[in-house]
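A quick write-up on the structure given underneath.
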Amino acid sequence: MPRMLDVSEDVRAEIGDEEAERLLAGENAPGSYDCTSCRTPGDSEQERTSTVLFVGEETAVLAFAHASCIPSQVVQVAEEQLQGAVRSITGEEPVGGAAGQAVLGITSGLVLIEGDLHPALVVEPTVPIARPGSGGTSDEFLPLLIEQGFVPVTDMSLLPAVLPGWSVLLAMGQLHAVLQPGTGGSGSVSWWQAHQPLQVTEGWRAAANKSQRVLVFAVPVGVIGQQPREDLLRDALEKAAADGRLVAAAMPLAGT
1 MPRMLDVSED VRAEIGDEEA ERLLAGENAP GSYDCTSCRT PGDSEQERTS TVLFVGEETA
61 VLAFAHASCI PSQVVQVAEE QLQGAVRSIT GEEPVGGAAG QAVLGITSGL VLIEGDLHPA
121 LVVEPTVPIA RPGSGGTSDE FLPLLIEQGF VPVTDMSLLP AVLPGWSVLL AMGQLHAVLQ
181 PGTGGSGSVS WWQAHQPLQV TEGWRAAANK SQRVLVFAVP VGVIGQQPRE DLLRDALEKA
241 AADGRLVAAA MPLAGT
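Residue numbers (my numbering): 1 to 256.
Following this line, the structure appears as structure tokens:
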């Protein structure tokens, strides 16, 4: 189905006419997405959607946004920042010139485990995640995370173990990034980074400051979606665990 996409001349010049026409025809564009500007859901079949191309020195990532938030455009970003975004898509170091269209959606909520409310983040990509070079035939998001130390969850009543070297960055009460160890002992790099800092509730922030750690859950695309209430989020997490489609790790809180 054709999408209600805006592809600016600048974006078209970067990706080429053939790729632009495939996007407009709906072949390579997602129906639903998380807006790269405001981070809320959008639907390119129902509302005007901007294509936004983030370009570094060697890498480009195509993202989507509500046309009411930002126009279709090319955004120049530091290669280091862009590679963090690509790592968040593939779970691996990017290959020069690789382009990805996945965005990791993140939902925050409080989860009751062992009698305490714990601050949690639920990570769900917008499209299946394939290994680089695999041809994209299967969703490898959870196996990639397990290789990085996340643990499969079968029982939501147990706290996941702390994942060494990872942390959740909170600043001025807003969520900025999930950090992972850099390669070769180079410090921390962004695994996921907010284009705009995400607001969290006072309750979430208070629980995070109390425990000094955040539970990070991850599921494949389409497993949980946007849940309007925390009880529904918990139900969806329990179902994902029962289906063997949930991994998790606890991470120290960085910032306040």
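Glycine is no exception: its CB is placed at the ideal position from the N, C-alpha and C atoms.
Run of the alpha helix (DSSP H) containing D231, from where it starts to where it stops:
Here the question's residue 231 lines up with position 231 in the sequence shown. Residues 230-242.
Supposed close pair S190, A177 - CB separation, criterion 8 angstroms:
Taking the sequence shown and counting its residues from 1, one reaches residue 190 at position 190. Taking the sequence shown and counting its residues from 1, one reaches residue 177 at position 177. The beta carbons of S190 and A177 sit about 5 angstroms from each other, so the pair counts as a contact at 8 angstroms.
Going by the DSSP bridge assignment, what does T51 pair with across the sheet?
Along the sequence shown, one-based indexing puts residue 51 at 51. For T51, which the question treats as bridged, DSSP gives the partners F64.
When every heavy atom of the ligand MG is checked, does at least one fall within less than 8 angstroms of the C-beta of V151?
By its list of ligands, the structure shown contains no ligand whatsoever, and the ligand MG lies outside what it can speak to.
According to DSSP, simplified to helix, strand and coil, what is I113?
Taking the sequence shown and counting its residues from 1, the one referred to as residue 113 is at position 113. Of the three classes helix, strand and coil, the one that applies to I113 here is strand, per DSSP.
Where are the beta strand (DSSP E) runs, 3 residues long or more, that stay fully inside the region 11-44, in chain order?
32-34, 41-43
Would you call the CB atoms of T107 and L233 closer than 9 angstroms?
Here residue 107 is taken as the residue at index 107 of the sequence shown, counted from 1. Here residue 233 is taken as the residue at index 233 of the sequence shown, counted from 1. Cβ distance < 9 angstroms, so T107 and L233 count as in contact.
Span separating the alpha-carbon of Q227 from that of D34:
Your numbering for residue 227 matches position 227 in the sequence shown. Your numbering for residue 34 matches position 34 in the sequence shown. Using only the alpha carbons, I get a separation of about 14 angstroms.
Does the region 61-80 come into contact with the region 155-166, if we say contact requires no fewer than three beta-carbon pairs (one atom in each stretch) closer than 8 angstroms?
Flag = no, the region 61-80 and the region 155-166 do not touch.
On a CA-only basis, which of Q73, G182, R229, A171 is nearest V52? Give me that one, please.
Taking the sequence shown and counting its residues from 1, one reaches residue 52 at position 52. It is Q73 whose Cα lies nearest to the Cα of V52.
Under 8 angstroms by Cβ, that's how I've got V214 and A60 pegged, so tell me the actual separation to the nearest angstrom.
Residue numbering aside, residue 214 sits at position 214 when the sequence shown is read from its first letter. Residue numbering aside, residue 60 sits at position 60 when the sequence shown is read from its first letter. Not quite, the Cβ-Cβ distance comes to about 31 angstroms (not below 8 angstroms), so this is no contact.
Assign G182 to buried or exposed, taking buried as 16 or more other Cβ atoms, counted over all protein chains shown, within 10 Å of its Cβ.
Within the sequence shown, numbered from 1, the residue matching residue 182 stands at position 182. Answer is exposed; the Cβ neighbour count stays below 16.
Contact between the region 239-250 and the region 138-155: three or more CB pairs below 8 angstroms?
Enough Cβ pairs lie closer than 8 angstroms, so yes.
Leaving aside the five residues before and after S188 along the sequence, list all residues of the same chain whose C-beta is less than 8 angstroms from its C-beta, in chain order.
As a working note, residue 188 is residue 188 in the sequence shown. Here the set comprises G165, S167, L179, Q180, P181, G182.
V219 beta carbon less than 9 angstroms from that of L163:
Indexing the sequence shown from 1 puts residue 163 at position 163. Indexing the sequence shown from 1 puts residue 219 at position 219. Contact flag unset, no.
Quick one: give me the first and last residue of the beta strand (DSSP E) that P181 is part of.
The sequence position of residue 181 within the sequence shown is 181, counting from 1. Its beta strand (DSSP E) spans residues 174-181.
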